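Student:
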Amino acid sequence: TPAIETIAYFCAAELLTNVIKHSGARRAVLRVTQQKGLLRLCVTDDGRGGAAPGAGSGLTGLRQRVRTVDGTLHVSSPEGGPTAVTVALPLHA
Numbered sequence: 025t026p027a028i029e030t031i032a033y034f035c036a037a038e039l040l041t042n043v044i045k046h047s048g049a050r051r052a053v054l055r056v057t058q059q060k061g062l063l064r065l066c067v068t069d070d071g072r073g074g075a076a077p078g079a080g081s082g083l084t085g086l087r088q089r090v091r092t093v094d095g096t097l098h099v100s101s102p103e104g105g106p107t108a109v110t111v112a113l114p115l116h117a
């Protein structure tokens with residue numbers, strides 16, 4: 025649907041921008057898959073880690089946007105890295 029396409033595009037753009045601005049990474053990977061009625065985007069990087077979806081964070085805004093279509097956003101970003109952010113969007117929305 026157009027809503028899912030828009031949210032997927034916005035998530036990919038925002039997550040890759042975050043890698044450039046905040047991670048200090050040398051490498052980032054965007055992987056997009058479709059399975060079991062879900063569109064999954066996963067952005068990973070080899071940066072410093074420590075990303076947290078706290079108050080005022082761009083990740084919080086992304087999570088809220090993803091939830092509008094019953095999607096999920098998961099962040100794994102231990103101090104020292106690596107960081108992986110996975111977005112799952114239902115294709116039925």
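Residue 25 is where the sequence shown starts when you use my numbering, and the numbers rise one by one after that. Just so it is clear, CB atoms sit at the ideal spot from N, CA and C, and this is done for glycine as well. The model shown is predicted, which means the values in this text are computed figures rather than measured ones.
(1) In or out: residue 69 buried (at least 16 other Cβ within 10 Å) or exposed?
(2) With DSSP as the reference, please indicate the residues paired to residue 66 in a beta bridge.
(3) Compare the C-alpha of residue 110 against each of 71, 103 and 87 and name the closest.
(4) From the DSSP output, which residues share a beta bridge with residue 14?
(5) Using the rule of at least 16 other Cβ atoms within 10 Å of the residue's Cβ for burial, across every protein chain shown, is residue 92 buried or exposed?
(6) By how many angstroms is the C-alpha of residue 51 removed from the C-alpha of residue 44?
(7) Distance, Cα to Cα, residue 90 vs residue 58?
Tutor: Considering the structure as presented:
(1) buried
(2) 55 and 110
(3) 87
(4) With the chain covering only 25 through 117, there is no way to say anything about residue 14.
(5) exposed
(6) 10 Å
(7) 16 Å
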